[in-house]
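*Asks:* Residue numbers (the numbering used here), protein chains in the order written: chain A, 1 to 255; chain B, 1 to 461.
Glycine included, every Cβ here is placed at the ideal spot set by N, Cα and C.
Given the structure is predicted, the values throughout are model-derived calculations rather than measurements.
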Amino acid sequence: MSIKNEYMLDIKSLRAGIAEREILKGINLTINPGEVHAVMGPNGSGKSTLAQVLAGNPAYEVLGGSATYNGEELLVLEPEVRAQKGIFLAFQYPVEIPGVTNAYFLRSAYNEIRKARGEEEIDPLDFLDLIEERMKLVEMDSSMLNRSVNAGFSGGEKKRNEILQMAVLQPKLAILDETDSGLDIDALRIVAGGVNALRRPDNATIVVTHYQRLLNYIVPDFVHVLANGRIVRSGGKELALELEERGYDWLLDAA
Amino acid sequence: MTDAVLTQAPDSPEVERVGAPIPHATRDARAAEYVGQFGEFARGQEPMWLGAQRRAAIESFATLGFPTTSNEDWHFTSVAALLERTYVPVATASEALSARDIARFQFEGDWQTLVFLNGHFVGQLSQIESGLKVYAGPMSDALSDEARARIVERHFGGLADTRTHAFTALNSAFSGDGAFIHVAADTVAPRNVHLLFVSDDAAEGALVSPRNAIVLEHHAEATVMESYVALGNANYLTNAVTEVYVGDGARLRHYKIQRESINAYHVGSWYANQGRACTYEAFSFAIGADMSRTNIATLLDGEGSHVSLDGLYLVNGDQTVDHQTSVIHAKESCTSHELYKGVLDGDSHAVFNGKVYVHPEAQKTDGKQSNNNLLLSEGARVDTKPQLEIYADDVKCTHGATIGPVDSTALFYLKSRGIGPSIAIRLLTYAFAAEVLEELTIPAVRDELERLAFERFAVGA
Ligand SMILES: Nc1ncnc2c1ncn2[C@@H]1O[C@H](COP(=O)(O)OP(=O)(O)O)[C@@H](O)[C@H]1O
Ligand SMILES: [Mg+2]
C-alpha cells in the first residue's frame, strides 16, 4: 500500500545525542529499495549513533528532525516494532547474553516477528532445518547453536552471528555497523558473501564502515561521508576509493 | 590476602528495614503461649533423652523469646506477622493424601520418597530404606529399633543451636517426625532420598516442626532433597531443623525446595559438621511462603574439605525471603564457594547475610561468596550483607554483592531482534537464574528447578 515515489527511508534534519551531548547535527539521507548505501567517516563522527537511533536504542535521545520508514514515522516506534517491520541492525559491538542459547534466541526472535505479522509460530524442527541452511551461508558450525548468545565468542564469531541473525530474520532494511572491523580477509569474504546472498530488489542495506576494504565485496550504490555529526559529502562508489587514497582530512577541513 | 569487593547498582536501595515494630508485651505474651502449650504437647513413647532435650529447649526458648529486629541476625526481617496467632502442633494426620496429590512434586529417576503430611509420616506413600549399611526412614521408625536409636541419640541435638537460636529451640521442644538418614562408611546410598513435607488445608493454624538428621560416616555418599510443598493456601508455620554430619572423605548433596503456601511462614535451619577431605553441597531454592527464613551453618572441622552453598530465590507480591549462611573455617586448606541469586518482583523483599569466619589455624583457606539480585520492579528491596571475619593470614577470601535491574543493553539487543519487552525480560531473568542452577549436578533436579523458575517468571511477567 505504499504511496508512489515514496522512499523506503527518509531522514530529514535528524539531530540526536547521548548523555546531554549532541552528536548528530542534522542528517539528511534517503534510501530506496534495492539500494546499498555506505556510510563512512572517521572514528567518533556519529556513525554508530545514527545506526542506534534508527534501531531505537533508548539510550540515545532524538533532539530534532524526522525519519520515515515506508512513509511511517519511525522514531516513535519501539525497537521491537521496528524489527518486526523489517529493520535490522548488525551491532558494532554485539551483546553477550550468558544463559540464553543462540538457538532459543533465534527462534524467539523469528517467532515474535512472525506473530507480529499475524503468522503462525514455526515448528521447532522446521526451524532447525531453516537455521542449518542459513548457517551454511556464513559457514558457521552448528555447535554454535547451543552456546549462549555471543558469550565467549571471538570478535569474528560475533560478527558472523550478527549476519546469521540477519539471514534468519530476513530484514527489509539492514544496517551493518562496522561488521568488517576485526575480521580477517577470509571472514570478511564470508560475511560479505552472506550479505550479498541476501540482497533482493526490495531490500536495502546501509553499510557503516571505517575502511573501504569491505566495499570491494559489498559494492555500494552511494557513499556518504559522516563527519562531526553531518554528512559532508555524498557520491558514488568511487568516493570510497578516493577516501582510501586521500584519507578524511580534506573533507574535515571543509566541514 | 583479603580481597573484599562490594558492588551495588548506583540506585540500589540501601534503606535499612526495621519492619513493623512489635510491642514487647505482644511478643512476650506470644512466646509465653508457646511455653504454655508445651505442657499439653503430647508425645507418644519416646526415649528419655529426647524428653530431656525437649525440656531444656523450651526453657531456652522461654529465655530467648522471639527475635526482634534489634537482634543482629534478624535486623532486616521482622517476625511480627507470625506472632499474630499461636500455631499449634497438629495432633493427628489427616488421611486425605493420595499418590496423585503428590505426583507433581516427585522427581524423575531413582528416588526414595518419605512423605510427611502436616508433620506426620505417611507410610503408605513412602519407602523406607532399612539395610545393613543404609537407613533412610522416619525418625519415629528409627527410634523404635534399639540399636538404631542409639545412633540417633549420638547425633540428635549435637549440632542444633538451641541456646541462641529461638526457632531452633522451639523446634527442639516441639519437634515432630522427620527423617533419619544414616549411611555407613565406604557406602553409597543406593537411591536419592526425597523428604517431601506436605501441608494441606488441615494445616491451617498449625505449627509443623520437622526434625531431621543426616549422618554420613567416612567415605559415604548420599543425596538428600527436602521439599516443602503445599496443597492449598493455608496459614501455618513450618519450623524445621536438620542436623548434618559429613564424615571424612564423605560427600553429601543436600537440597531444599521451599514452595510453601503463599500464606505460610517457613523457618528452616541446617547445622552441618564436616570432617576431613569431605564435600558438602547445599542448595536452597525458595519461591514460596509469605515469609521464609533459611539458615545454613557449617563447621569445616577437618583439613582439605569443601562446602558449596548455592541458592536461588524468586519472590514477588509481599513476600519476604531471607537466607543466612555461616561457614566456619576451623582447619587448614578448606574451600567454601557460595553463590546466591535472587529475582524480585512486586513489593517483595530479600535478605542475604553470608558469614565467613576463618580461625587463626585455618591457613590456606579459599573462600568465595557472591550474592546477585535482579530487581524487576520499583517496589522490590534487597538487603545483602557479607560478613567476613578472618584471623589467619594466608587466606584468599572474596565476596561481592550486586543489586540492579535487567541489563538495558541486553534488553535493547533482544528488542532490536523483534522480541517484545515481557518476553525479553523473562528471557534475561531466566538467563540470570540459570547460572546458579547449573551448579546442580543432578539433571532431574536441575530440570525441575528450571521449569519452576521459568513458570514463576511467566506469572511475574
Ligand atoms: N554512551 C555514550 N556516552 C557518551 N558519549 C558517547 C557514548 N557513545 C558514543 N559517544 C560519543 O559520541 C560520539 C560519536 O560516537 P559514535 O556514534 O560511536 O561514532 P562512530 O561510530 O562514528 O565511531 C563520540 O564522540 C563518542 O565518544
Ligand atoms: Mg561506531
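I want to verify the contact list: residues of chain B whose CB lies under 8 Å from the CB of L75/A, in sequence order.
*Replies:* Chain B residues near L75/A: none, gap ~15 Å exceeds 8 Å.
*Asks:* Quick check on the DSSP output: the beta strand (DSSP E) that includes N371/B runs from which residue to which?
*Replies:* Where N371/B is concerned, the enclosing beta strand (DSSP E) stretches over D366 to L375.
*Asks:* Which residues are close to ligand 1, meaning CB closer than 5 Å to any heavy atom, in chain order?
*Replies:* Those residues, listed in chain order, are I18/A, A19/A, I23/A, N43/A, G44/A, S45/A, G46/A, K47/A, S48/A and T49/A.
*Asks:* What are the residues that DSSP puts in a beta bridge with F105/A?
*Replies:* BP columns for F105/A are empty, so no partner.
*Asks:* Who are the Cβ neighbours of V436/B in its own chain at under 6 Å, not counting the five residues just before and after it?
*Replies:* If we look at V436/B and ignore the five residues flanking it on each side, its Cβ neighbours are D310, L312, L339 and K341.
*Asks:* Tell me which residue opens and which closes the beta strand (DSSP E) that G26/A is part of.
*Replies:* Segment R21 to I31, the beta strand (DSSP E) holding G26/A.
*Asks:* Rounding to the nearest angstrom, what Cα-Cα distance links L9/A and Y110/A in this structure?
*Replies:* Those two C-alpha atoms are separated by around 23 Å.
*Asks:* Using DSSP's beta-bridge definition, name the partner residues of F352/B.
*Replies:* The partner list for F352/B (beta bridge, DSSP) reads H323/B and T384/B.
*Asks:* Looking at the C-beta of K415/B, does it have a partner C-beta in chain A at a distance below 7 Å?
*Replies:* It does; some Cβ of chain A falls within 7 Å.
*Asks:* For a test of your reading of the model: does the CB of Q52/A fall under 6 Å from any non-hydrogen atom of ligand 2? Yes or no.
*Replies:* No - ligand 2 has no heavy atom lying nearer than 6 Å to the Cβ of Q52/A.
*Asks:* With three or more C-beta pairs closer than 8 Å as the rule, is the segment 150–166 of chain B touching the segment 222–239 of chain B?
*Replies:* Contact fails: fewer than three Cβ-Cβ distances are below 8 Å.
*Asks:* Quick one: list the residues of chain B neighbouring Q84/A, beta-carbon separation under 7 Å, in chain order.
*Replies:* Those within 7 Å of Q84/A in chain B are G418.
*Asks:* My parser needs the beta strand (DSSP E) runs of 3 or more residues fully inside the segment 202–227 of chain A; what are they?
*Replies:* For the segment 202–227 of chain A, whole beta strand (DSSP E) runs of length 3 or above, ordered along the chain, are 204–208 and 222–227.
*Asks:* For G137/B and S144/B, what's the separation of their Cα atoms in angstroms?
*Replies:* When rounded, the distance between both Cα atoms is 11 Å.
*Asks:* Which residue from F88/A, G34/A, V208/A and G156/A puts its Cα closest to that of P201/A?
*Replies:* Minimum Cα distance to P201/A is reached at G34/A.
*Asks:* Quick check on T409/B - is its C-beta less than 7 Å from some C-beta in chain A?
*Replies:* Interface residue, yes.
*Asks:* At a cut-off of 6 Å, would you count Q92/A as near ligand 2, judging by its Cβ distance to the nearest heavy atom?
*Replies:* At least one heavy atom of ligand 2 is nearer than 6 Å to the Cβ of Q92/A, so yes.
*Asks:* If you count every other CB in all the chains shown that lies within 10 Å of the CB of G236/A, and 16 or more means buried, which is it?
*Replies:* That one is exposed.
*Asks:* Looking at the secondary structure, which residues open and close the beta strand (DSSP E) in which Y93/A lies?
*Replies:* Neither: Y93/A is in no beta strand (DSSP E) and is coded neither H nor E.
*Asks:* Among V241/B, A62/B and I425/B, which has the Cα closest to the Cα of G157/B?
*Replies:* Among V241/B, A62/B and I425/B, the Cα nearest to that of G157/B is on V241/B.
*Asks:* What separation, rounded to the nearest whole angstrom, lies between the Cα atoms of A444/B and W111/B?
*Replies:* A444/B and W111/B: Cα-Cα distance of roughly 11 Å.
*Asks:* Going by beta-carbon coordinates alone, are F285/B and L449/B separated by less than 7 Å?
*Replies:* Yes; because the gap between Cβ atoms is below 7 Å, this pair is in contact.
*Asks:* For I190/A, decide whether its Cβ has a neighbour in chain B, counting only Cβ atoms nearer than 7 Å.
*Replies:* So no, I190/A is outside the interface.
*Asks:* Is T365/B buried or exposed, if buried means 16 or more other CB atoms sit within 10 Å of its CB?
*Replies:* Classification for T365/B: buried.
*Asks:* Give me the Cβ distance between R117/A and L63/A, rounded to the nearest whole Å; I'm assuming they're in contact under 8 Å.
*Replies:* Wrong, their Cβ atoms sit about 32 Å apart, outside the cutoff.
*Asks:* Would the segment 400–416 of chain B count as touching the segment 379–390 of chain B if we require 3 or more Cβ pairs under 8 Å?
*Replies:* The segment 400–416 of chain B, when compared against the segment 379–390 of chain B, does touch it at the 8 Å Cβ threshold.
*Asks:* Check this for me: beta carbons of Y430/B and E389/B, under 7 Å apart or not?
*Replies:* Contact flag unset, no.
*Asks:* Between the C-alpha atoms of S60/B and N212/B, what's the straight-line distance to the nearest angstrom?
*Replies:* Computed Cα separation, rounded: 20 Å.
*Asks:* My output table needs one value for G156/A: the three-state DSSP class, helix, strand or coil.
*Replies:* G156/A: helix per DSSP, three-state reduction.
*Asks:* Report the partner residues of S292/B according to the DSSP bridge assignment.
*Replies:* The partner list for S292/B (beta bridge, DSSP) reads H266/B and V321/B.
*Asks:* When you check each C-beta in the segment 154–188 of chain A against every C-beta of chain B, which residues fall closer than 9 Å?
*Replies:* Correct list: Q165 and L169.
*Asks:* When the Cα atoms are used, what is the spatial distance from S126/B to Y135/B?
*Replies:* Their Cα atoms are separated by approximately 14 Å.
*Asks:* Is the CB-CB distance between V193/B and V229/B below 7 Å?
*Replies:* Their beta carbons are not under 7 Å apart, which means V193/B does not touch V229/B by this criterion.
*Asks:* Name the two residues that bound the continuous alpha helix (DSSP H) containing L64/B.
*Replies:* Counting along the chain, the alpha helix (DSSP H) containing L64/B begins and ends at M48 to L64.
*Asks:* Can you look up G342/B in the DSSP assignment and give me helix, strand or coil?
*Replies:* In this structure, G342/B counts as strand in the three-state DSSP scheme.
*Asks:* Report yes or no: is there a C-beta of chain A within less than 7 Å of the C-beta of F285/B?
*Replies:* For F285/B, the answer is no, since every Cβ of chain A falls outside 7 Å of its Cβ.
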